[in-house]
Amino acid sequence: MREKFEETEKAGLGNAEEIAATYIAAWREKKFDALREILSDDFSYVGPLATLDNPDECRKSLERMAPVTTDLVVERVFVSGPDVVTWFTLHTSIALPTAAANWIHVENGKINRIRAVYDPRALVAD
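Using UniProt numbering, the first residue of the sequence shown is number 1, and each one after it goes up by one.
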């Protein structure tokens, strides 16, 4: 599945699936300028550890995680019009791999909303 997703990542910014793939690729590759470019100005994020109300907060949050993020492995992608759910495994240097799902909503060629679901206990354990 990762191979198909990586092909989509290279395809450009034509539709919701491509935009979601670009987001994941930018996060994985720690290209935060590219990631910020595809977030709309009215972007919001809600997840177990944070609620963010603008794209710059999202960028800063992912940049803070970057030193411990070692990989993102996409397991499955579900698409319904402007909505993309990406089921992936987050690999870090501080915890066992963590399964996560991001529900990404795209409007006017940019991501304006992400809702994330994952079990944060391993990531915040001492």
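A virtual CB, placed ideally from N, CA and C, is assigned to each residue, including glycine.
Owing to the predicted nature of the structure, the values given are computational and were not obtained by experimental measurement.
Shown here for L72: same chain residues with a beta carbon closer than 8 Å to its own, the five before and five after excluded, namely I24, W27, R28, F88, T89, L90 and H91 in chain order. Between the C-alpha atoms of K30 and R64 there is a straight-line separation of about 11 Å.
If you look at L72, you'll find it in the beta strand (DSSP E) that goes T69 to S80.
A direct Cα-Cα distance of roughly 24 Å separates S61 from P82. Here the region 104-114 lies against the region 36-43, with 3 or more beta-carbon pairs under 8 Å apart. Distance check between N102 and each of I114, S93, L96 and A95 places I114 closest, using alpha-carbon atoms only. When the Cα atoms are used, G47 and P120 turn out to be separated by approximately 10 Å.
Check the Cα spacing between V124 and each of I111, L96 and T70: the tightest is with L96. By alpha-carbon distance to T70, the top candidate from N15, T98 and N112 is T98. In terms of Cα proximity to N54, the closest of V117, A16 and N112 is N112. Shown here for V68: same chain residues with a beta carbon closer than 6 Å to its own, the five before and five after excluded, namely T92, S93 and I94 in chain order. Inclusion of A21 and V77 in the CB contact set at 9 Å is warranted, their separation being smaller than that value.
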